[in-house]
Amino acid sequence: MDSAWRLWSERNRFGLYKHNGPTLPRYMNAVVYNIHGEADVLEDCRMETPVITRPKKILIRTEHASINPADIKLRYGIMANFNRTIFPQIPGQDLSGVVVDSSSEKFKPGDRVMGCNLNGGAAAEYAIFREEHLARVPDQMSSAEAACLPTVGLTAYQTLVEYGKIDKTKRVLVLGGAGGVGSYTVQYCKKVLNAEVHATCSTYNKDFVLGLGASQVYDHSDPNYHEKIFDSYDLIIDTAGKDGTYKKLLKTLVKKNGSFVKVGIHKELYSTYDALMDIVTSLYHSTVSTVLLKPKYKWFVLSLDDPRQLEIVAHQHLKHKLSTYISRYYPLNATNLQLAHKIIELGHTRGKLLMQVQPLLSEKESYLTNTFLKLNQNK
Ligand SMILES: NC(=O)c1ccc[n+]([C@@H]2O[C@H](COP(=O)([O-])OP(=O)(O)OC[C@H]3O[C@@H](n4cnc5c(N)ncnc54)[C@H](OP(=O)(O)O)[C@@H]3O)[C@@H](O)[C@H]2O)c1
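Just so we're on the same page, this note's numbering is the position in the sequence shown counted from 1, plus 41.
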């Protein structure tokens, strides 16, 4: 522990990295887990503030972190066979904050950043991210809003723009239009790309999803809802990942040259065996069946290596006045994070769940965040 602290101080003494930010505390608060399991493995922890030891790394003073279902899958250890977990593990892939130290030429102390890191780290007062996982937060965007954007914004962009080549002549169906990814995808499709968008959701979320820009909403609590759909689609994006449904929809609702993109994996598929079977089935559909038959099927995997995409999303977000509905806003601690994970696991989140990690430093930042929360928070 001491050696890491000495390393940090010596780096500053010998000027290896320019550090113009505030003096950092030696210890920070974080939420961690030391074993995989249910939400109650999450615990509060005081640990050493991390230090940069490699090039192209950025140390961020975390202001906000938003929660994603991927955080929960990683906590359960779903990906542990592919991606080794190092304990204590700090969860949280999406954050916003201010750079306090950097070994990258791209970012300097004081820059406002947002980003997504599949290895986690957001549920801590300080986090180290690689430069390619960070984008600048536009001046007019609050830190709260920025923390909600990375995963859902990139998913919407990559499925609709990069893969689906969606424009105003196309029609899209979003399965699960009320969740984090779904609510953003519906808006991006309608307000940025001017395409016609339909969605599925529960009865409770119908008005919410219509308000986001969907012109048709189907209630998925009716098991035969797909029989009531008479349109066909250039792209179906499945954020719900319920096994079985896609086979019917793929055959009947996707246009000949259209595509079906599976984004979500449902909780029932969380065991390693089921997840592997899901991957095998999906690979079959995305290769063999795509070659032999149309439409195409794709198992979507978020790509994080192009921060320009996140900057494009942030720019479009402001230009087209997209919104991010916050269903819960908590200060970060283990109890609140456990609760947030449990809510996401229930599978019916509306919009995003957000944590405040550290107080905001500037008056402008507080004003932007308060205004954003007043307009978008669950009342
Ligand atoms: N592959 C990737 O790279 C990638 C990237 C991003 C996200 N994801 C995955 O995509 C999934 C969705 O993420 P998210 O952040 O949007 O999750 P979320 O915020 O928890 O939303 C889940 C949504 O699913 C809806 N839903 C539940 N049962 C449904 C059903 N039978 N049919 C249609 N919708 C249903 C719920 O809406 P109602 O309450 O209206 O039912 C809820 O709003 C997660 O599995 C996540 O891990 C994958």
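Note that CB positions come from ideal geometry on N, CA and C, so glycine has one too. None of the values given here were measured: they were computed from a predicted structure.
With burial defined as no fewer than 16 other Cβ atoms inside 10 Å of the residue's Cβ, what is the status of residue 210: buried or exposed? Here residue 210 refers to the residue found at position 169 when the sequence shown is read from its first residue. Its Cβ having fewer than 16 others within 10 Å, residue 210 is exposed.
Tell me whether residue 183, by its Cβ, gets closer than 7 Å to a heavy atom of ligand 1. Counted from its first residue, the sequence shown places residue 183 at position 142. It does not: the Cβ of residue 183 is nowhere closer than 7 Å to a heavy atom of ligand 1.
At a cut-off of 7 Å, is residue 66 close to ligand 1 when judged by its beta-carbon and the heavy atoms of the ligand? Residue numbering aside, residue 66 sits at position 25 when the sequence shown is read from its first letter. No, Cβ of residue 66 sits at least 7 Å from all heavy atoms of ligand 1.
Go through its chain and collect everything with a Cβ distance to residue 245's Cβ below 7 Å, but skip five positions before and after it. The residue you call residue 245 lines up with position 204 of the sequence shown. So the list is empty, once near-sequence residues are dropped.
When you compare only the Cα positions, how much space is there between residue 424 and residue 405? Beyond the ends of the chain as shown, which are 42 and 420, falls residue 424; an answer cannot be given.
Please say whether residue 189 and residue 395 have beta carbons closer to each other than 8 Å? On the sequence shown, residue 395 is found 354 positions in, with the first residue counted as 1. On the sequence shown, residue 189 is found 148 positions in, with the first residue counted as 1. Yes.
The beta strand (DSSP E) with residue 70 in it runs from where to where? What you label residue 70 is simply residue 29 of the sequence shown in a count that begins at 1. Start and end: 68-73.
For ligand 1, is there any heavy atom lying closer than 7 Å to the beta carbon of residue 107? Within the sequence shown, numbered from 1, the residue matching residue 107 stands at position 66. No, the Cβ of residue 107 stays beyond 7 Å of every heavy atom of ligand 1.
Is residue 343 near ligand 1 - that is, is its Cβ less than 7 Å away from at least one heavy atom of it? Within the sequence shown, residue 343 is the residue found at index 302, counting from 1. Yes, the beta carbon of residue 343 sits closer than 7 Å to at least one heavy atom of ligand 1.
Hey, quick one: how far does the alpha helix (DSSP H) through residue 413 stretch, first residue to last? Taking the sequence shown and counting its residues from 1, the one referred to as residue 413 is at position 372. 404-417 is the span of the alpha helix (DSSP H), which, as asked, contains residue 413.
Please report the straight-line C-alpha distance between residue 62 and residue 72, rounded to a whole angstrom. Looking up residue 62 in the sequence shown gives position 21. Looking up residue 72 in the sequence shown gives position 31. Only weak support exists for where residue 62 lies, its pLDDT of 49 falling under 50; the coordinates are left without a value.
What's the gap between the Cα of residue 194 and the Cα of residue 207? Translated into positions along the sequence shown, residue 194 becomes position 153. Translated into positions along the sequence shown, residue 207 becomes position 166. Spanning the two alpha carbons is a distance of roughly 15 Å.
How many angstroms separate the CA atom of residue 419 from the CA atom of residue 161? To locate residue 419, count along the sequence shown from 1; it is residue 378. To locate residue 161, count along the sequence shown from 1; it is residue 120. Between residue 419 and residue 161, the C-alpha separation is close to 26 Å.
On the premise that residue 241 lies in contact with residue 216, defined as a C-beta separation below 8 Å, what is that separation, rounded to the nearest angstrom? Residue 216 sits at position 175 when you count from the first residue of the sequence shown. Residue 241 sits at position 200 when you count from the first residue of the sequence shown. Right, their Cβ atoms sit about 5 Å apart.
Less than 8 Å between the beta carbons of residue 111 and residue 155, yes or no? Position 70 of the sequence shown, counted from the start, is the residue given in the question as residue 111. Position 114 of the sequence shown, counted from the start, is the residue given in the question as residue 155. Not in contact: residue 111 and residue 155 (Cβ atoms no closer than 8 Å).
Note down, in chain order, each residue of its chain lying with its Cβ closer than 8 Å to the Cβ of residue 289, except the 5 sequence neighbours on either side. For the purposes of this step, residue 289 is taken as residue 248 along the sequence shown, with counting starting at 1. Same-chain partners within the cutoff: 267.
With distances taken from CA atoms, which of 88, 270, 128 and 109 is nearest residue 305? As a working mapping, residue 305 is identified with position 264 in the sequence shown. For residue 305, the nearest C-alpha among the options comes from 109.
Write down every uninterrupted run of the beta strand (DSSP E) in the stretch 83-145 whose length is 3 residues or greater and which is fully enclosed by it, in chain order. 84-89, 98-107 and 135-143
In three-state terms, what does DSSP make of residue 257? Position 216 of the sequence shown, counted from the start, is the residue given in the question as residue 257. Three-state DSSP puts residue 257 in a strand.
With a threshold of 8 Å, are at least 3 pairs of Cβ atoms found where one atom belongs to the stretch 84-93 and the other to the stretch 380-388? no
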